[in-house]
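Heads up, the thing below is written out as structure tokens.
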Amino acid sequence: MGACMALCSLASCASCLCGSAPCLLSGCCPSTNNSTVTRLVFSFFLLMGTVVSVIMILPGMETQLKKIPGFCKGGASIWGIENKVNCDIIVGYKSVYRMCFAMACFFFLFSLIMIRVRSSKDPRAPIQNGFWFFKFLILVGITVGAFFIPDGTFNTVWYYFGVVGSFIFIIIQLILLIDFAHSWNEAWVERAEEGNRKCWFAGLLSFTILHYALAFAAVVLFYVFYTQPDDCTENKVFISLNLIFCVIVSIVSILPKVQEAQPQSGLLQASLITLYTMYVTWSAMTNNPNRKCNPSLLSLVSGGSSSTPAPTSAPGQVQWWDAQGIVGLVIFLFCTLYASIRSSNNTQVNKLMQTEEGQRLSADVEATPGEDGVRRAVDNEEDGVTYSYSFFHFSLFLASLYIMMTLTNWYQPDTDYQAMLSTMPAVWVKISSSWLGLALYLWTLVAPLILPDRDFS
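What the sequence shown shows, in mature numbering (1 follows the signal peptide of the UniProt record, and there is no 0), is residues -16 to -1, 1 to 441, in sequence order.
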């Protein structure tokens, strides 16, 4: 959809500089709702910033920049021009901090501006759904300004902002995964009831077994490579506790009373949550500063022993492109895209992100081609917004912080701001987020039993 919008909007770019989301579509794109297009474009802004951050942190970027005559400060100049650009700032973890700082400021600003917007008739709604060219300029301007922030307390303070924001975003990721699992299970069960029961139920069973098999294999690998007989007590406790908690929520999800109160609950959701919990556990252990308990993926693939220490990066360098960082980015992209295009009407997560009017309208309004045959985005929010503008931007604000921490492996700048160090606080943040996420999922299972008078449909 994003590529389609990019190609199709070139012909009408001039009219779209100050226009709204409908002008972003043309005959070569499918009709859709205004609200969906807007969320996709804002998500594209976040993706753009992520790609720029990835490019800036790639190994060898500083060396390549220093080859440009007269570009980097302290390098060889041409025609006597003094070099002004500090290449230590525009590459490496410092550049990621500044790029993500700019994106976070951009989305936080819109989160404040869009508080309590009730419909597209609100004077602030056109700001949300249009003026894309000027929004892009604002983002670029904030980004340029961020690179003029001096080193020092900024890196340390922004690191702690990133830790707290990422903790909250991990919880939101889990909520979205729970919503996705419930929607997935509900859709396949409905198709099974309509016909070909064996096929659809076999699919549900296959994915459930696959999720549990991957999670069990992960636990075995964790015990083999991330623990030592006389060391790594924290890792042993984390793996064991999360394994026990996942077994508990799996059992609770199929209890007769829970099934009676929530017929849509089942092992598919529990298996997906279990697999995600194992990923968070692994991600936490990769930040353990004890190198005996944190082997590098390279040493595992090459046949090194579990006691082989992970190689340390050169000062100021951060290797985000390990498996943990890549998996984190994939999950982040999935959750961001799902939050942008999802259209479920009866799930608990919608009560957090959508208004009551929006839930009704999203089912009633359908985007169709106009009388002239041109496909456009339809304004489906005249009587009520279909999602909370403010909360959506706040989620992207948290996503910017999560991207920053993922690309820098949750490492903390040292006192001289020349290197990045693994720390136990990052480990505890991830582990505690997994526990809180499991508690939230358990609450969604038992809440109808504890509070029978409330509607949890």
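Note that the Cβ used here is the ideal one computed from N, Cα and C, for glycine as well.
Using 8 Å as the limit for Cβ to Cβ distance, is residue i near chain D?
i: Pro247; result: The structure shown contains no chain D, having only a single protein chain.
Across which residues does DSSP place residue i in a beta bridge pair?
i: Asp215; result: Gln212
i: Asn271; result: None, per the DSSP bridge assignment.
Specify the secondary structure class of residue i as computed by DSSP and reduced to three states.
i: Asn139; result: helix
i: Asn18; result: helix
i: Leu382; result: helix
i: Glu365; result: coil
i: Asn180; result: coil
i: Phe132; result: coil
i: Met98; result: coil
i: Thr370; result: coil
i: Lys414; result: helix
i: Pro107; result: coil
i: Asn278; result: coil
i: Ala347; result: A caution first: Ala347 carries a pLDDT of 45, below 50, which makes its placement in the model too unreliable to give a value.
i: Gln157; result: helix
i: Arg438; result: coil
i: Ile238; result: coil
i: Gln246; result: coil
i: Gly146; result: helix
i: Leu194; result: helix
i: Pro43; result: coil
i: Gly33; result: helix
i: Gly76; result: coil
i: Tyr425; result: helix
Go ahead and label residue i buried or exposed: buried means 16 or more other beta carbons lie within 10 angstroms of its beta carbon, across all protein chains shown.
i: Tyr144; result: exposed
i: Phe118; result: exposed
i: Thr428; result: buried
i: Arg23; result: buried
i: Gly342; result: Bear in mind that the predicted position of Gly342 carries a pLDDT of just 46, short of 50, making it too unreliable to give a figure here.
i: Cys319; result: buried
i: Leu194; result: exposed
i: Met408; result: exposed
i: Gly250; result: buried
i: Ile99; result: exposed
i: Thr192; result: buried
i: Leu96; result: exposed
i: Glu178; result: exposed
i: Lys105; result: exposed
i: Asp163; result: buried
i: Pro432; result: buried
i: Glu244; result: exposed
i: Val25; result: buried
i: Phe132; result: exposed
i: Arg438; result: exposed
i: Cys183; result: exposed
i: Ala254; result: buried
i: Pro134; result: exposed
i: Glu365; result: buried
i: Met221; result: Before going on, a small fix: residue 221 reads as Val here, not Met. Counting Cβ neighbours within 10 Å, Val221 comes out exposed, since fewer than 16 surround it.
i: Thr390; result: buried
i: residue 442; result: This structure leaves residue 442 out entirely; the chain is present only between -16 and 441.
i: Ile223; result: buried
i: Pro397; result: buried
i: Val21; result: buried
i: Asn393; result: buried
i: Ala423; result: exposed
i: Asn180; result: exposed
Rounded to the nearest angstrom, how far is the Cβ of residue i from that of residue j, given a contact under 8 Å?
i: Ser37; j: Cys84; result: 6 Å
i: Gly421; j: Ile232; result: Not really, about 14 Å apart at Cβ, beyond 8 Å.
i: Val264; j: Ser418; result: 4 Å
i: Phe381; j: Phe138; result: With a Cβ gap of about 18 Å, Phe381 and Phe138 do not count as contacting.
i: Cys230; j: Thr211; result: About 18 Å separates the two Cβ atoms, so there is no contact after all.
i: Tyr322; j: Leu188; result: About 19 Å separates the two Cβ atoms, so there is no contact after all.
i: Asn272; j: Asn219; result: 7 Å
i: Tyr77; j: Ile41; result: 7 Å
i: Phe209; j: Pro279; result: 6 Å
i: Val236; j: Leu426; result: 6 Å
What I want to know is whether the C-beta of residue i ends up closer than 7 Å to one or more non-hydrogen atoms of the ligand SAM.
i: Thr211; result: Absent from the structure shown: the ligand SAM. Ligands present: none.
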